[in-house]
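The structure appears below as structure tokens.
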Amino acid sequence: MDKELCFHCGDACDTVPIVFDEKHFCCNGCKTVYEIFESNDLSNYYDLQAAAGATPNEVEGKYNFLDTPEILDKLIEFNDQKHQIVNLYIPHIHCSSCIWILENLNKLQKAISSSQVDFPKKMVRIGYDPEELSLKELVLLLVKIGYEPYISLDDYDKGKKRVDRSLTYKLGVAGFAFGNVMFLSFPEYFEVQEFWLDQYKNLFRWLMFAFSLPVVFYSAQDYLKSAYKSISSKMLNIDVPIALGVLVLFIRSTLEISFDWGTGFFDSLTGLIFFLLLGKFFQQKTYSFLSFERDYKSYFPIAVTRILTGGKEETVQVYSIRKGDRLLIRNEELIPVDGIVLKGNARIDYSFVTGESEPVKKVSGDKILAGGKQLQGAIEMEAVKSVSQSYLTQLWGNSVFSVDKTSKFQTITDKISQRFTIAVLTIAFVATFIWMFVDSSKAINVFTAVLIIACPCAIALAAPFTLGNMLRVFGRKKFYLKNTQTIEQLAQLTTAIFDKTGTLTTAQKSTASYEGMPLSEDEESLLKNTLRGSNHPLSRTLYNLLAEHDILTLDDYQEHLGKGIIGVLEDKTVKIGSAHFVGNTAAVSQENTAVYVSSNNAYKGRFVFSNQYRGGVSKLFREMKKSLDLGVLSGDNEGEKERLEALLPQFTPLYFNQKPEDKLDFIKRLQDQGKTVMMVGDGLNDAGALAQSDVGIVVSENVNVFSPACDGILDASKFKQLHQYIKASKSAMKIIKLSFVFSLMYNVIGLYFATTGQLMPVIAAILMPLSSISIVLFTTVATNLVGKKLT
Numbered sequence: 039m040d041k042e043l044c045f046h047c048g049d050a051c052d053t054v055p056i057v058f059d060e061k062h063f064c065c066n067g068c069k070t071v072y073e074i075f076e077s078n079d080l081s082n083y084y085d086l087q088a089a090a091g092a093t094p095n096e097v098e099g100k101y102n103f104l105d106t107p108e109i110l111d112k113l114i115e116f117n118d119q120k121h122q123i124v125n126l127y128i129p130h131i132h133c134s135s136c137i138w139i140l141e142n143l144n145k146l147q148k149a150i151s152s153s154q155v156d157f158p159k160k161m162v163r164i165g166y167d168p169e170e171l172s173l174k175e176l177v178l179l180l181v182k183i184g185y186e187p188y189i190s191l192d193d194y195d196k197g198k199k200r201v202d203r204s205l206t207y208k209l210g211v212a213g214f215a216f217g218n219v220m221f222l223s224f225p226e227y228f229e230v231q232e233f234w235l236d237q238y239k240n241l242f243r244w245l246m247f248a249f250s251l252p253v254v255f256y257s258a259q260d261y262l263k264s265a266y267k268s269i270s271s272k273m274l275n276i277d278v279p280i281a282l283g284v285l286v287l288f289i290r291s292t293l294e295i296s297f298d299w300g301t302g303f304f305d306s307l308t309g310l311i312f313f314l315l316l317g318k319f320f321q322q323k324t325y326s327f328l329s330f331e332r333d334y335k336s337y338f339p340i341a342v343t344r345i346l347t348g349g350k351e352e353t354v355q356v357y358s359i360r361k362g363d364r365l366l367i368r369n370e371e372l373i374p375v376d377g378i379v380l381k382g383n384a385r386i387d388y389s390f391v392t393g394e395s396e397p398v399k400k401v402s403g404d405k406i407l408a409g410g411k412q413l414q415g416a417i418e419m420e421a422v423k424s425v426s427q428s429y430l431t432q433l434w435g436n437s438v439f440s441v442d443k444t445s446k447f448q449t450i451t452d453k454i455s456q457r458f459t460i461a462v463l464t465i466a467f468v469a470t471f472i473w474m475f476v477d478s479s480k481a482i483n484v485f486t487a488v489l490i491i492a493c494p495c496a497i498a499l500a501a502p503f504t505l506g507n508m509l510r511v512f513g514r515k516k517f518y519l520k521n522t523q524t525i526e527q528l529a530q531l532t533t534a535i536f537d538k539t540g541t542l543t544t545a546q547k548s549t550a551s552y553e554g555m556p557l558s559e560d561e562e563s564l565l566k567n568t569l570r571g572s573n574h575p576l577s578r579t580l581y582n583l584l585a586e587h588d589i590l591t592l593d594d595y596q597e598h599l600g601k602g603i604i605g606v607l608e609d610k611t612v613k614i615g616s617a618h619f620v621g622n623t624a625a626v627s628q629e630n631t632a633v634y635v636s637s638n639n640a641y642k643g644r645f646v647f648s649n650q651y652r653g654g655v656s657k658l659f660r661e662m663k664k665s666l667d668l669g670v671l672s673g674d675n676e677g678e679k680e681r682l683e684a685l686l687p688q689f690t691p692l693y694f695n696q697k698p699e700d701k702l703d704f705i706k707r708l709q710d711q712g713k714t715v716m717m718v719g720d721g722l723n724d725a726g727a728l729a730q731s732d733v734g735i736v737v738s739e740n741v742n743v744f745s746p747a748c749d750g751i752l753d754a755s756k757f758k759q760l761h762q763y764i765k766a767s768k769s770a771m772k773i774i775k776l777s778f779v780f781s782l783m784y785n786v787i788g789l790y791f792a793t794t795g796q797l798m799p800v801i802a803a804i805l806m807p808l809s810s811i812s813i814v815l816f817t818t819v820a821t822n823l824v825g826k827k828l829t
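Everything in the sequence shown is counted per our numbering, starting at 39 for the first residue and increasing by one.
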């Protein structure tokens, strides 16, 4: 008699099943999980995939160690009074239902505010209120629903990382098998008439079969799983024809040696998987080379101001921070390390980390955590540890504050793969149908041959090798892109919009002259200390030009984006910004860029700036004008209009007095017209426009506000090379398309032999690896040649 299967976990019930709600359960644990889901309106879990969970085990006392504060400090990623974040490794994550239930944990426990699953790494990042739910209770909840986390203090030691070497192992197995199968196939290729070889021919064939087993069922498992999920989702991705090719190769080859029809295609099979994995390995290594772990430290020019003995300030790279350093954190700057507030009123926005939008107030002596953003003027802090690279870099990719543009963008491989899959299946069925009437004995051979020879290994390799190598080339040239899809989007640009201040101009060479009533010593001191908290390019320029004054802690500081800043100390108030902002309603000359100053609401005067434009701006715009629509958006007045018109190509649209929301709306209107827009800014007032644009590029000098809402960072010294990088992106796409053409040529040749019933093992063995090797060589050499042209 067949055993009943458990409704929750799918295991056979070894004892008498527990019947509840007309369903059978193998144990009380599975019944409990079902009751939890049912009572919390989560029964959809079983609609997504039956038997997805794991049977809960008895864990009484197992996680008592989670009550120890010292251990909690090692495990918890972020720890504030009302919010904790932990990353847990859960081996049972394996399907869409796992993702669904784990990302709906807040329905099971209201103290959980967020949960995000990283499916490839089998990790879940959970935010919760520690006052209502302890980490131990959270872990026990996960155990209860069948997703027991694996917790190892060694794995959570901040100095160590879990390294996934599964791809390396799979590649090693495939390479070993491929080499041996090729060696065993030589007698068959050349039909060597030698007694002993002929005697043991069947043994050699079965040895090839044995070598192919781990390749198909271990090395190729990711492609098979991906194809299965794609078909289950009623979609066709690039892995579908690959999986079909692998299975058909294996099944047909096995049948051939079983019935002594021939030698099979085990050499093509193992070679195909080896070269596919080699491409994936290359891509993974490229991403590792340019991973955000390394980008943040080695590439991104994000800096912080360190205060030296005597009050002198110096700008240092963020990774140079050491325990005990005294740091100045300006308005809108990211706190790079855990520390203690020394001076100033800290008002910290931790939304980048926790998703909570309510800022947290901190005073002198309070602890502040890395990842928060200062919102109220400048503060001084003491670092209590060095920069935690692995933690800070997670902030960049956190979906809490980063809109995923990639979900709206279809890559060239995605576009090609669907058409290719349909075309291959159509050719296979049509050719088989024709051969049913011509020679039915060859029909099945033709069908399998088409699927074998048309396997899109070259198509699958072209984009990873080309774009991965271009990322590396761009990185060497100080142009740092977030992912390979940004290269594809750069190649499709139709419009480029530039900010003026801090983008077209450089703060490092600007000068300013004062016009108006003289400022008293106290007014100038307050002005200097107010400017100290701002990161706007004009503020930084003016701050550096003013005379040295004692560092003061302001009672209040406010920065109004696109308008100006306010500083308050005791009974004195200073405003710096636009004429309207400081209360100067009189007519003001628009000849130059200027910032206006008022003291205690009485207008005092203005600082007139002589902007220094970056070298090569005119040439860059002339080059880009040939292929792109250009425009300039500026929050400043029209004082620089005539100078810009003389500097830029004729009829370049110039828009002044643009607020941050105006810039965002402008980009959106262009996109509504069907244009692909790149926004180039300095990452402050342009943050919304950068996030809205198809490609957002931040031009970075030494001091930066942390700006996650961008797709790339361009070193200011390479600004004039921007058009070269865009052209290089277009060249990369041409390389991919040429690779597709070469792949198509191989497929046409192979399909001729396949559809005419002439496909021999030696032909498949030559064509399939040859196409893969030639594509890899072509893309690597071609992208390196493109890179050499970049300056």
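Just so you know, even glycine gets a beta-carbon here, dropped at the ideal spot from N, CA and C.
Status (buried if at least 16 other CB within 10 Å, exposed otherwise) for S296 = Translated into the one-based positions of the sequence shown, residue 296 becomes position 258. Looking at its Cβ environment, which holds fewer than 16 other Cβ atoms inside 10 Å, S296 is exposed.
If you run the structure through DSSP and keep just helix, strand and coil, what is L316?
-> On the sequence shown, position 278 is the one that residue 316 refers to. DSSP places L316 in helix when its eight states are reduced to three.
CB-CB under 8 Å to T504, same chain, minus the five flanking residues each way: which ones, in chain order?
-> Locating residue 504 in the sequence shown gives position 466, where the first residue counts as 1. Hits under 8 Å: A770, I773, I774, S777, T817, A820 and T821.
Work out the CA separation of F312 and L209 for me, nearest whole Å.
-> Position 171 of the sequence shown, counted from the first residue, corresponds to residue 209. Position 274 of the sequence shown, counted from the first residue, corresponds to residue 312. Looking at the two C-alpha atoms, the distance is approximately 6 Å.
Under a Cβ-count criterion, where at least 16 other Cβ atoms within 10 Å of its own Cβ denotes burial, should E108 be classed as buried or exposed?
-> Here residue 108 refers to the residue found at position 70 when the sequence shown is read from its first residue. Classification for E108: exposed.
Whole-angstrom distance between V670 and K538, CA atom to CA atom = Mapped onto the sequence shown, residue 538 falls at position 500. Mapped onto the sequence shown, residue 670 falls at position 632. Those two C-alpha atoms are separated by around 7 Å.
Roughly how many whole angstroms lie between the Cα atoms of G571 and A212?
-> Counting from 1 along the sequence shown, the entry for residue 571 is found at position 533. Counting from 1 along the sequence shown, the entry for residue 212 is found at position 174. If I take the Cα positions, the gap works out to 58 Å.
Under 7 Å between the Cβ atoms of K160 and I137?
-> In the sequence shown, the residue the question calls residue 160 occupies position 122. In the sequence shown, the residue the question calls residue 137 occupies position 99. The answer is no: Cβ separation not under 7 Å.
Mind checking if K239 is an interface residue toward chain D, Cβ cutoff 7 Å exclusive?
-> You won't find chain D in this structure, because it holds only one protein chain.
Helix, strand or coil: which one does DSSP assign to Q730?
-> To locate residue 730, count along the sequence shown from 1; it is residue 692. Q730: helix per DSSP, three-state reduction.
From this set, I465, Y651, L592 and Q759, which residue's C-alpha is nearest T549's C-alpha?
-> Counting from one through the sequence shown, the residue named residue 549 turns up at place 511. Of I465, Y651, L592 and Q759, the residue nearest in Cα terms is Y651.
When you compare only the Cα positions, how much space is there between D167 and V219?
-> As a first step, residue 167 must be located in the sequence shown, where it is residue number 129. As a first step, residue 219 must be located in the sequence shown, where it is residue number 181. Taking the straight line from one Cα to the other gives about 57 Å.
Nearest neighbour of G410, chosen from S402, D404, V401 and P397 [CA to CA] = For this step, residue 410 is matched to residue 372 along the sequence shown. Taking only the C-alpha atoms, the option nearest G410 is P397.
Can you name, in chain order, every residue of its own chain whose Cβ lies under 8 Å from the Cβ of L815, other than the five neighbours on each side?
-> The residue you call residue 815 lines up with position 777 of the sequence shown. For L815, where only same-chain residues beyond five positions count, there are no Cβ hits under 8 Å.
Three-state secondary structure assigned by DSSP to M717 = By 1-based counting over the sequence shown, the position of residue 717 is 679. Here M717 sits in strand by DSSP.
Proximity below 7 Å, CB of K566 to CB of L583 | Within the sequence shown, residue 566 is the residue found at index 528, counting from 1. Within the sequence shown, residue 583 is the residue found at index 545, counting from 1. Not closer than 7 Å, so no.
What are the complete beta strand (DSSP E) segments, minimum 3 residues, inside the segment 549 to 620?
-> 594 to 598, 602 to 607 and 610 to 615
Is the beta carbon of M716 less than 7 Å from the beta carbon of V736?
-> Indexing the sequence shown from 1 puts residue 716 at position 678. Indexing the sequence shown from 1 puts residue 736 at position 698. No, they are not a contact pair.
Report the residue from L599, S672, K423 and T591 whose alpha carbon sits nearest the alpha carbon of T631.
-> As a position in the sequence shown, residue 631 is number 593, starting the count at 1. For T631, the nearest C-alpha among the options comes from S672.
Run of the alpha helix (DSSP H) containing E108, from where it starts to where it stops | Walking along the sequence shown from the start, residue 108 turns up at place 70. It spans P107 to L113 - the alpha helix (DSSP H) in which E108 sits, taken as one unbroken run.
Proximity to I811 [Cα-Cα], best of A766, Y784 and I386 = Here residue 811 is taken as the residue at index 773 of the sequence shown, counted from 1. Taking only the C-alpha atoms, the option nearest I811 is Y784.
Distance between L251 and L222 (C-alpha atoms, nearest Å) = For the purposes of this step, residue 222 is identified with residue 184 of the sequence shown, where counting begins at 1. For the purposes of this step, residue 251 is identified with residue 213 of the sequence shown, where counting begins at 1. Distance between the alpha carbons of L222 and L251: 16 Å.
Once you ignore the five residues that flank I269 on each side, which residues in its own chain have a CB closer than 7 Å to its CB?
-> As a working mapping, residue 269 is identified with position 231 in the sequence shown. The answer, listed in chain order, is V278.
Alpha helix (DSSP H) containing Q259: first to last residue?
-> For the purposes of this step, residue 259 is identified with residue 221 of the sequence shown, where counting begins at 1. Per DSSP, Q259 belongs to the alpha helix (DSSP H) from Q259 to S270.
DSSP three-state call for S440: helix, strand or coil?
-> Residue 440 sits at position 402 when you count from the first residue of the sequence shown. Because the pLDDT at S440 is just 44, under 50, the model does not fix this residue reliably, and the value given afterwards should be weighed accordingly. Note: S440 maps to coil in three-state DSSP.
Spatially closest choice to D724 from E175, S558, K664 and N573, by CA coordinates | Along the sequence shown, read from residue 1 onward, the residue named residue 724 stands at position 686. Among E175, S558, K664 and N573, the Cα nearest to that of D724 is on N573.
If you count every other CB in all the chains shown that lies within 10 Å of the CB of H121, and 16 or more means buried, which is it?
-> Position 83 of the sequence shown, counting from 1, holds the residue named residue 121. Flag for H121 reads buried.
Should the segment 403 to 418 be called in touch with the segment 362 to 370, which here means at least 3 C-beta pairs below 8 Å?
-> yes
Give the range of the alpha helix (DSSP H) segment to which K182 is assigned.
-> Translated into positions along the sequence shown, residue 182 becomes position 144. Segment L173 to K182, the alpha helix (DSSP H) holding K182.
Determine the DSSP secondary structure at Q154, reduced to helix, strand or coil.
-> Taking the first residue of the sequence shown as position 1, residue 154 is located at position 116. Note: Q154 maps to strand in three-state DSSP.
Which of the three DSSP states, helix, strand or coil, is assigned to Y693?
-> Within the sequence shown, the letter at position 655 stands for residue 693. Looking at Y693 - three-state DSSP - the assignment turns out to be strand.
Per DSSP, the bridge partner or partners of D667 | For the purposes of this step, residue 667 is taken as residue 629 along the sequence shown, with counting starting at 1. D667 pairs with T533.
To the nearest angstrom, how far is it from the Cα of S755 to the Cα of K182?
-> Start at 1 with the first residue of the sequence shown, and residue 755 comes out as number 717. Start at 1 with the first residue of the sequence shown, and residue 182 comes out as number 144. Rounded to whole angstroms, S755 to K182 spans 56 Å at the Cα level.
In or out: A421 buried (at least 16 other Cβ within 10 Å) or exposed?
-> Taking the sequence shown and counting its residues from 1, one reaches residue 421 at position 383. Answer is buried; the Cβ neighbour count reaches 16.
For D59, count neighbouring C-beta atoms within 10 Å of its own C-beta (all shown protein chains included) and say buried if the count is 16 or more, exposed if not.
-> For this step, residue 59 is matched to residue 21 along the sequence shown. D59 comes out exposed.
Range covered by the alpha helix (DSSP H) that runs through E680 = By one-based count along the sequence shown, residue 680 stands at place 642. From DSSP, the alpha helix (DSSP H) with E680 extends over K679 to L685.
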